[in-house]
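Asker: Before anything else, here's the structure in question.
Numbering (UniProt numbering), first residue to last: 1 to 156.
Pasting the structure below:
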């Protein structure tokens with residue numbers, strides 16, 4: 001199992017990574033085809049609106065979700081995206097968990113490097129999602145798939 005984690009990778013400060021506040025049960029969306037990718041984008045956009053994110057942060061979260069869901073679909077053969085609302089004093093947040101049961105990522109360090117791709121893409125998906133969110137965590141193992149969990153906080 002290969003693991004990478006970053007807390008506070010975004011360019012702004014926010015609440016600490018410890019989540020001791022309110023959270024909802026995750027809403028889980030299947031990612032099995034191109035239409036599911038659109039459904040996920042709309043669901044994440046709606047969640048950012050409910051959480052009170054600025055238009056800029058809405059775009060960041062939706063972009064990260066889209067990149068991660070597309071990776072699960074293209075490289076992992078499909079998967080799920082779970083949306084979880086978080087709340088604590090002075091802040092609301094969203095946690096997105098994208099999981100697939102694909103082949104895993106053989107070289108996680110390379111996959112997090114901009115420009116690295118095993119397909120026809122530009123190779124900015126994982127690294128871009130990492131930069132767009134406040135917290136980034138990835139677990140992957142050969143033959144066991146990949147799970148990426150990202151969190152973004154909207155400071156009120």
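C-beta atoms are modelled at their ideal positions from N, C-alpha and C, and glycine is treated no differently.
Values in this document were obtained by computation on a predicted structure and should not be read as measured data.
Report yes if the CB atom of residue 107 is closer than 8 Å to the CB atom of residue 76, and no otherwise.
Answerer: no
Asker: Taking the alpha carbon of residue 49 as the point to measure from, which residue in 93, 147, 102 and 139 has its own alpha carbon closest?
Answerer: 93
Asker: Within 10 angstroms of the Cβ of residue 35, are there 16 or more other Cβ atoms? Answer buried if so, exposed if not.
Answerer: An exposed status is given to residue 35, since fewer than 16 other beta-carbon atoms sit within 10 Å of its beta-carbon.
Asker: Spatial neighbours of residue 62 within its chain, please: CB distance less than 8 Å, with the 5 preceding and 5 following residues excluded, ordered by chain position.
Answerer: Close CB contacts of residue 62 within its chain, under the 8 Å cut and outside five residues either way in sequence, are with 41, 44, 45 and 48 (chain order).
Asker: Please classify residue 137 as buried or exposed, where buried requires at least 16 neighbouring CB atoms within 10 angstroms.
Answerer: buried
Asker: For residue 145, I'd like the list of residues in its chain whose CB is within less than 7 Å of its CB, leaving aside the five on either flank, ordered along the chain.
Answerer: 76, 99, 100, 101, 102 and 104
Asker: Check for me: the alpha helix (DSSP H) holding residue 52 runs from which residue to which?
Answerer: Segment: none, residue 52 is in no alpha helix (DSSP H) and carries neither H nor E.
Asker: Where does residue 90 fall in DSSP's three states?
Answerer: coil
Asker: Considering Cα atoms alone, identify which of 69, 82 and 59 is closest to residue 132.
Answerer: 59
Asker: Using three-state DSSP, classify residue 24 as helix, strand or coil.
Answerer: Three-state DSSP puts residue 24 in coil, outside helix and strand.
Asker: Please tell me whether residue 97 and residue 149 are closer than 8 Å, where the distance is taken between their beta carbons.
Answerer: yes
Asker: For the candidate residues 78, 147 and 82, whose alpha-carbon lies nearest to that of residue 29?
Answerer: 82
Asker: Alpha carbons only, please: which of 90, 109, 78 and 155 is nearest the one belonging to residue 134?
Answerer: 155
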